[in-house]
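**Student:**
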Amino acid sequence: MSREINFRGQRIDNKEWVYGSLVMVCDGESLKRHPFIVVSYNYDSFDWHEVDKETVGQFIGLCDKKGKTIYEGDFIKNDKGVVYKVKYRTPMFVLEAENGVTLGINYNLSAWEVLPK
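As numbered in this note's numbering, residues 25 to 141 make up the sequence shown, in order.
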């Protein structure tokens with residue numbers, strides 16, 4: 025595989041953003057699924073954190089003009105000042121403006137900028 029697959033999410037316990045692999049864990053009583061981000065692992069242990077499912081986003085494989093990685097859920101601004109939200113619509117990521125205009129990601133986003141959270 026030639027692309028990087030990475031996720032991020034905001035931790036439940038302290039609201040810190042973490043980046044890594046997404047794992048869904050099913051609780052034995054209610055069978056409810058809980059998202060966790062695995063931050064690091066080695067042969068016999070790993071570091072993982074439960075994250076708020078509403079904050080989970082996948083890296084889209086592109087970076088902005090400052091080299092910042094772009095994730096699903098980010099707001100990005102183009103060179104004309106128009107702000108778009110990065111969303112996943114099967115089978116691809118799209119950019120959606122507040123006015124409802126949706127664009128496929130076939131633009132050179134290296135001239136665009138990810139807005140701070």
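Cβ atoms here follow ideal geometry from the backbone N, Cα and C, with glycine treated the same way.
Bear in mind that the values here come from a model prediction, so they are computed numbers and not experimental data.
Within 10 angstroms of the Cβ of Pro115, are there 16 or more other Cβ atoms? Answer buried if so, exposed if not.
**Tutor:** Locating residue 115 in the sequence shown gives position 91, where the first residue counts as 1. Burial call: exposed.
**Student:** Using 8 Å as the threshold, is the segment 97-104 in touch with the segment 116-136, meaning 3 or more CB pairs across them?
**Tutor:** yes
**Student:** Would you identify the three-state DSSP class for Leu127, choosing helix, strand or coil?
**Tutor:** Here residue 127 refers to the residue found at position 103 of the sequence shown. Looking at Leu127 - three-state DSSP - the assignment turns out to be strand.
**Student:** Which value, in whole angstroms, describes the spacing of the CA atoms of Val118 and Tyr65?
**Tutor:** Position 94 of the sequence shown, counted from the start, is the residue given in the question as residue 118. Position 41 of the sequence shown, counted from the start, is the residue given in the question as residue 65. The alpha-carbon atoms of Val118 and Tyr65 are separated by roughly 32 Å.
**Student:** Can you tell which of Tyr67, Phe60, Ile84 and Gly85 has the C-alpha that lies nearest to the C-alpha of His73?
**Tutor:** For the purposes of this step, residue 73 is identified with residue 49 of the sequence shown, where counting begins at 1. For His73, the nearest C-alpha among the options comes from Phe60.
**Student:** With a 10 Å radius around its C-beta and 16 neighbouring C-beta atoms as the bar for buried, classify Thr79 as buried or exposed.
**Tutor:** The residue labelled residue 79 in the question sits at position 55 within the sequence shown. Buried, because 16 or more other Cβ atoms sit within 10 Å of the Cβ of Thr79.
**Student:** DSSP has Ile100 in a bridge; who is on the other side?
**Tutor:** On the sequence shown, residue 100 is found 76 positions in, with the first residue counted as 1. DSSP, once it has assigned bridges, lists Tyr108 and Val138 as partnering Ile100.
**Student:** State the Cα-Cα distance for the pair Val110 and Glu120, rounded to the nearest angstrom.
**Tutor:** On the sequence shown, position 86 is the one that residue 110 refers to. On the sequence shown, position 96 is the one that residue 120 refers to. So the alpha carbons of these two residues sit roughly 7 Å apart.
**Student:** Sorted by chain position, which residues of the same chain lie with C-beta nearer than 7 Å to Gly33's C-beta, five sequence neighbours on each side aside?
**Tutor:** As a first step, residue 33 must be located in the sequence shown, where it is residue number 9. Residues Val42, Pro59, Ile61, Val75, Asp76, Thr79 and Val80 of the same chain have their beta carbon placed closer than 7 Å to that of Gly33, with the five preceding and five following residues left out of the count.
**Student:** Counting C-beta neighbours from all protein chains within 10 Å, is the total for Val49 16 or more, i.e. buried, or is it exposed?
**Tutor:** Your numbering for residue 49 matches position 25 in the sequence shown. The residue is exposed, with fewer than 16 neighbouring Cβ atoms inside 10 Å.
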